[in-house]
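Numbering follows my numbering, with no gaps: position 79 of the sequence shown is 81. Following: one structure in structure tokens, then a few remarks.
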Amino acid sequence: MNESTSMHAKSRSRRPQDDTFIDELYDKCMALASNLWWSWTPEVERLFRDLDPVRWRELDHNPIALLSEFTPDRLFERANEMVLFSRINQAYRRLKEYMANHQTWGSTHAGVLGAKPVAYFSAEFGIHESLPIYSGGLGVLSGDHVKSASNLGVPLVAVGLFYAQGYFRQKLDRDGFQHEAYDDTKVEQLPIKPAMDREGNPVLLDIATQTGIIKIKVWKVQVGRVPLYLLDSNVAGNGPEDRQLTSRLYGGDERTRIRQELVLGIGGVKALNAIGISPGVYHLNEGHSAFAPLEVIRYRMESDGLTFEDAVREVSMQTAFTTHTPVPAGHDRFTAELVEEHLGPLREDLGLSPAALVELGQVDPSGSAELFCMTVLGLKLSRTANAVSQLHGSVSRRMWSSLWPTRLEEDVPIGHITNGVHSQTWLANQMRTLYNKHFPVDWTKRLGEPTVWDGILDVDPGELWETHNTLKARMISFIRRRLADQASRRGEDLEAVEFARSVLDPEILTIGFARRFATYKRANLLFSEMERIKSLMNDPHRPIQIVFAGKAHPKDQPGKDFIRSIASLRNDPALKNRVVFVEDYDVNLCRHLVQGVDVWLNNPRRPMEASGTSGQKVVLNGGLNLSILDGWWAEAFDGGNGFAIGNGTHHTSDKISDQRDAESLYQVLENEVAPMFYHRDIDGLPREWVRRMVHSIHTLAWRFSSDRMVMDYAEHVYLPAAGGLSCKM
Ligand SMILES: *Cc1c(COP(=O)(O)O)cnc(C)c1O
Numbered sequence: 003m004n005e006s007t008s009m010h011a012k013s014r015s016r017r018p019q020d021d022t023f024i025d026e027l028y029d030k031c032m033a034l035a036s037n038l039w040w041s042w043t044p045e046v047e048r049l050f051r052d053l054d055p056v057r058w059r060e061l062d063h064n065p066i067a068l069l070s071e072f073t074p075d076r077l078f079e080r081a082n083e084m085v086l087f088s089r090i091n092q093a094y095r096r097l098k099e100y101m102a103n104h105q106t107w108g109s110t111h112a113g114v115l116g117a118k119p120v121a122y123f124s125a126e127f128g129i130h131e132s133l134p135i136y137s138g139g140l141g142v143l144s145g146d147h148v149k150s151a152s153n154l155g156v157p158l159v160a161v162g163l164f165y166a167q168g169y170f171r172q173k174l175d176r177d178g179f180q181h182e183a184y185d186d187t188k189v190e191q192l193p194i195k196p197a198m199d200r201e202g203n204p205v206l207l208d209i210a211t212q213t214g215i216i217k218i219k220v221w222k223v224q225v226g227r228v229p230l231y232l233l234d235s236n237v238a239g240n241g242p243e244d245r246q247l248t249s250r251l252y253g254g255d256e257r258t259r260i261r262q263e264l265v266l267g268i269g270g271v272k273a274l275n276a277i278g279i280s281p282g283v284y285h286l287n288e289g290h291s292a293f294a295p296l297e298v299i300r301y302r303m304e305s306d307g308l309t310f311e312d313a314v315r316e317v318s319m320q321t322a323f324t325t326h327t328p329v330p331a332g333h334d335r336f337t338a339e340l341v342e343e344h345l346g347p348l349r350e351d352l353g354l355s356p357a358a359l360v361e362l363g364q365v366d367p368s369g370s371a372e373l374f375c376m377t378v379l380g381l382k383l384s385r386t387a388n389a390v391s392q393l394h395g396s397v398s399r400r401m402w403s404s405l406w407p408t409r410l411e412e413d414v415p416i417g418h419i420t421n422g423v424h425s426q427t428w429l430a431n432q433m434r435t436l437y438n439k440h441f442p443v444d445w446t447k448r449l450g451e452p453t454v455w456d457g458i459l460d461v462d463p464g465e466l467w468e469t470h471n472t473l474k475a476r477m478i479s480f481i482r483r484r485l486a487d488q489a490s491r492r493g494e495d496l497e498a499v500e501f502a503r504s505v506l507d508p509e510i511l512t513i514g515f516a517r518r519f520a521t522y523k524r525a526n527l528l529f530s531e532m533e534r535i536k537s538l539m540n541d542p543h544r545p546i547q548i549v550f551a552g553k554a555h556p557k558d559q560p561g562k563d564f565i566r567s568i569a570s571l572r573n574d575p576a577l578k579n580r581v582v583f584v585e586d587y588d589v590n591l592c593r594h595l596v597q598g599v600d601v602w603l604n605n606p607r608r609p610m611e612a613s614g615t616s617g618q619k620v621v622l623n624g625g626l627n628l629s630i631l632d633g634w635w636a637e638a639f640d641g642g643n644g645f646a647i648g649n650g651t652h653h654t655s656d657k658i659s660d661q662r663d664a665e666s667l668y669q670v671l672e673n674e675v676a677p678m679f680y681h682r683d684i685d686g687l688p689r690e691w692v693r694r695m696v697h698s699i700h701t702l703a704w705r706f707s708s709d710r711m712v713m714d715y716a717e718h719v720y721l722p723a724a725g726g727l728s729c730k731m
């Protein structure tokens, strides 16, 4: 009889030696809560939920906050009551095994990185809703990258910023105006610990600027096998302004921004050095961290006696840069004064003049007044650069071709690795159960392999459809609860709250649209012709309903206006029960939506969407994409694995492209989507629709998984960069 079953058999009256067991039980739960591996391991997640389902939800699914409400004794009692001992022990054992397992894809394919890992820099990481250090797509992508690197065993350490307030929580008032609330995160309820230096002391760093020193401390978060280091300027010795420097994501002005990026890039390299990690590859995920190679260059000049030019050559061999947006405002640009104020001391160490430093961030360095651009710096200091989809690759080559004036556009050295999503994070449990039945036993370890997904062809169409409908019903009840909460918080009358409790109809074709409310994403495109969409949505035989969610950046007034116009559609009796807006889009809300919708709509102005990833999450769960041929969809759509809006042509005039795309969107809805969804056989099954679901999963799930993405990075970026290094040595 093992420990847990013997405990089981006992009554609650305890003998003294049980105290050890009780403490161990608590420690095991804390160990599970302290490694974010739990967040993509359903049995562990369920374990936490079973401890107290109501508090679990109220606490934003934060297991440390939940456990801190228990004493060890109370936890023991609860675990006893719920028969959890063996589940806790088993989960703990699995975590140990996971951490100790060295037989991974990475050990076979990326062994060289073992002693010299990849250092992955990103301004945000969206790993789980309980760790609010992300705002949107970029952060979620970084989180998914780290999770896949962990699962694949690709040696990687991640570097980011600790935001004590994170991004804002969105609340709409009765008129649909967005209000932003910033909550202080409770540090003691996060799975973070101070990072230690080589001597075992907490890491404390100084970053010199011309106007004083910024002090930095460093936190460590364990994400499976990957350590994530988060830099935090809230340190005694900093002035009040600097103590808040890293408190908000994308808050403040240009000066705040460059100081945050100084902390991320320069501070990040210093932190890894202090901790004793010497990376073989530096991966700059977007321009925010592009100062990092400058600090590495300084280090190489100092320790190896290299000249600046030689150090640049060597360091850039080890550096990879990923660009994420064709939108000009997405590329940080700073004045020469701000650059000199913050990089001055480093510049002197590098032996550069102020002008020579600024030139590193300019396309045309002939003494022009051009602002210093972080993307340009990243492109100049990296061996390889990549965009995040095939189409974005060609858009980026055109966009930056003036940096390589002697080359043809197609020879501009910016390739592409298309983004993907972490399947275990986004896959609904019910779908996982279905896949478990038909896929190879080790399928979760081989997500990036096409043949693994052949199993979907064996799934019974009726079973797939039923599973989808269960998830759809679950999504609708989640939305109803959220909308009822929203209505009562705004003090709306009882009738409105009651209406929210039964809003939407599970039988109706349900479209989801959730993303950042940037204007180029055109959340209102569907409402270009009001009467047409009203009659479409209220068609007596083929009605349509749509769920919206998304935040606008606090300074984006046009984006906020879009939210207001969509939120106030509920005042129109014809749309009241057809269009809903759910507040506060985050990882949790995203998960519910991508798991439950029939159709995921994406209609950006082509080619502004670099990749987009939310539609990839929908694929895994059997939803169908309806999208402009932009970003990932331009390379994913094969005519039968979803629906396309338009034929992928560009228009120079926004007005014309908006008109054409709206027309095409209506036509696809009227002629393809709605008829196919409502065409049922005698069993009520939409056979053609389900065939499309199967084809979508079969052709897309593996290709747009972050496992495939990380394998591509390892093969095409990390290994060559690390190899370049070892050749020289
Ligand atoms: C996946 C995700 C995104 C990115 O989706 P896009 O398709 O790029 O808009 C943004 N926000 C959250 C919360 C997500 O989970």
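Yeah, the Cβ is synthetic: ideal placement off N, Cα and C, and Gly gets one too. Since this is a predicted model, take the numbers as computed values, not measurements.
Asked, Found
"Interface flag, Pro134 vs chain C, CB-CB below 8 Å", "Structure shown: chain C not included; a single protein chain is present."
"Status (buried if at least 16 other CB within 10 Å, exposed otherwise) for Met695", "buried"
"Whole-angstrom distance between Gly278 and Cys729, CA atom to CA atom", "With a pLDDT of only 35 at Cys729, under the threshold of 50, the placement of this residue in the model should not be trusted; the figure read from the coordinates follows. Looking at the two C-alpha atoms, the distance is approximately 23 Å."
"Span of the alpha helix (DSSP H) around His147", "Gly139 to Leu154"
"Any non-hydrogen atom of ligand 1 within 7 Å of Gly617 CB", "yes"
"Straight-line Cα distance separating Asn388 from Leu622", "25 Å"
"Straight-line Cα distance separating Ser530 from Gln172", "26 Å"
"Contact test: Tyr28 Cβ vs ligand 1 heavy atom, cutoff 7 Å", "no"
"When Lys523, Met711, Arg580 and Gly464 are compared against Asp685, the one with the closest alpha-carbon", "Gly464"
"For Lys195, the three-state DSSP class (helix, strand or coil)", "strand"
"Runs of alpha helix (DSSP H) wholly within the region 603-658 (minimum 4 residues, chain order)", "616-622 and 634-638"
"Length-filtered (3 minimum) beta strand (DSSP E) runs lying within the region 646-717", "none"
"Any non-hydrogen atom of ligand 1 within 7 Å of Val505 CB", "no"
"Three-state secondary structure assigned by DSSP to Asp312", "helix"
"Boundaries (first-last residue) of the alpha helix (DSSP H) holding Arg580", "Looking at the DSSP string, Arg580 is not in any alpha helix (DSSP H), and its letter there is neither H nor E."
"Proximity test, Gly422 beta-carbon vs ligand 1 heavy atom, cut-off 7 Å", "no"
"Expected contact under 8 Å - CB spacing of Ser629 and Ile647 to nearest Å", "6 Å"
"Cβ separation of Val365 and Val378, assumed to be a contact under 8 Å, to the nearest whole Å", "6 Å"
"Outcome for Thr446 when other beta-carbon atoms lying within 10 angstroms are tallied against a minimum of 16", "buried"
"Touch test, the region 609-623 against the region 495-507, Cβ-Cβ under 8 Å, three pairs minimum", "no"
"Val581 CB to nearest heavy atom of ligand 1 below 7 Å", "no"
"CA-to-CA distance, Leu247 to Gln262, given in whole angstroms", "7 Å"
"Burial state of Ala525, where buried means 16 or more other Cβ atoms lie within 10 Å", "buried"
"Nearest-angstrom Cα separation, counted from Tyr522 out to Ala551", "16 Å"
"Span separating the alpha-carbon of Pro508 from that of His555", "32 Å"
"Rounded C-alpha distance that separates Ser13 from Met84", "With a pLDDT of 45 at Ser13, under the threshold of 50, the modelled position of this residue cannot be trusted, and the question is left open."
"Spatial neighbours of Ala93 in its chain, beta-carbon cut-off 7 Å, leaving aside the 5 residues before and after", "Leu34, Glu45, Val46 and Leu49"
"Inter-residue Cα distance where the pair is Pro542 and Tyr680", "12 Å"
"beta-carbon Gly625 near ligand 1 non-hydrogen atom, thresh 7 Å", "no"
"Of the residues Ser490, Val712, Leu687 and Asn421, the one placed nearest Gly633, counting alpha carbons only", "Asn421"
"Identity of the residue in Asn37, Pro347, Glu672 and Leu473 nearest Leu133 by Cα", "Asn37"
"Counted within 10 angstroms of its Cβ, other Cβ atoms place His181 as buried (16 or more) or exposed", "exposed"
"Check: Tyr252 C-beta below 7 Å from any heavy atom of ligand 1", "no"
"Ser6 versus Lys30 - alpha carbon distance", "With a pLDDT of only 44 at Ser6, under the threshold of 50, the placement of this residue in the model should not be trusted; the figure read from the coordinates follows. Cα-Cα distance, rounded: 13 Å."
"Helix, strand or coil at Pro65 [DSSP, three-state]", "helix"
"One or two residues paired with Cys375 in a DSSP bridge", "Arg335"
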